[in-house]
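J.: One structure coming up, written as structure tokens, with questions to follow.
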Amino acid sequence: MAVTTVPGRNGTAVIAAGDENGVILRWAPKTDDRIRDPITGSRARIMQITSLILSTGSTLLIATDSDSTLWRWDASTGEWVGEPISLGSEYPTVAPAVVEGAARLFTSGTDNIVREWDTATGELIGVPWVGIDIEVLARADGSTLFATGSPEGDISLYK
């Protein structure tokens, strides 16, 4: 249902894929071997998987499911990071980013609202804004650029 590559600490990548039952499996692409036990938590269809390298050097595996929940795990151990976050919008998407040195998660969904979340605590940050299909781009100068789409096909950029 969803797949992503997850960067490893030693420069190797891992493939993570989620299924319709909320289970995420990880593989080593060079050997095709499954890595560790399946990651569980969600019981709903995994809609999206992505990852974010944290300042600690560990990698966070992030997923949204069809129950409008956002999940976070340590990509190496498969252990939960914080409690699941209820997003309150159907078909949620998530865009992870480091903004001014802090790890953040930006979500959007069918309610056309973008929300910013603290990656570690799962707390909502700031005031949500209008937009769908959020993407976060790190710029060469260290700043962050946000891009959202609209149902009419317009793109908005935010700094």
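Under the working numbering, think of the first position of the sequence shown as 1, with each following residue one higher. Backbone N, C-alpha and C define an ideal beta-carbon position, used for all residues, glycine too. Remember, it's a predicted structure, so these values are computed and weren't measured experimentally.
Going by alpha carbons, who is nearest to Thr64 out of Gly131, Gln48, Trp27 and Asp33?
T.: Gln48
J.: Would Ser89 and Ser68 be called neighbours here (beta carbons separated by less than 8 Å)?
T.: yes
J.: Give the DSSP-derived three-state secondary structure of Ala16 in the structure shown.
T.: Of the three classes helix, strand and coil, the one that applies to Ala16 here is strand, per DSSP.
J.: Please check the pair Thr59 and Ser51, which I expect to be a contact at CB under 8 Å, by giving their CB distance rounded to whole angstroms.
T.: 5 Å
J.: Would you mind stating whether Ile39 and Trp73 have Cβ atoms separated by less than 8 Å?
T.: yes
J.: In whole angstroms, what is the alpha-carbon distance linking Arg24 and Ala44?
T.: The amino acid at residue 24 is misidentified as Arg; the sequence shows Ile. Whole-angstrom Cα-Cα distance: 11 Å.
J.: Using only CA atoms, which one of Ser156, Val3 and Pro128 lies nearest to Ala17?
T.: It is Val3 whose Cα lies nearest to the Cα of Ala17.
J.: Considering only their Cβ atoms, is the gap separating Ser150 from Ile134 smaller than 8 Å?
T.: no
J.: Is the beta carbon of Ala138 less than 8 Å from the beta carbon of Ala97?
T.: yes
J.: CB-CB under 8 Å to Ile155, same chain, minus the five flanking residues each way: which ones, in chain order?
T.: Ala147, Thr148 and Gly149
J.: Give the single residue among Ile113, Met1, Val14 and Ala120 whose Cα lies nearest to the Cα of Asn21.
T.: Met1
J.: Note down the Cα distance separating Pro29 from Thr121, rounded to an integer number of angstroms.
T.: Distance between the alpha carbons of Pro29 and Thr121 is about 32 Å.
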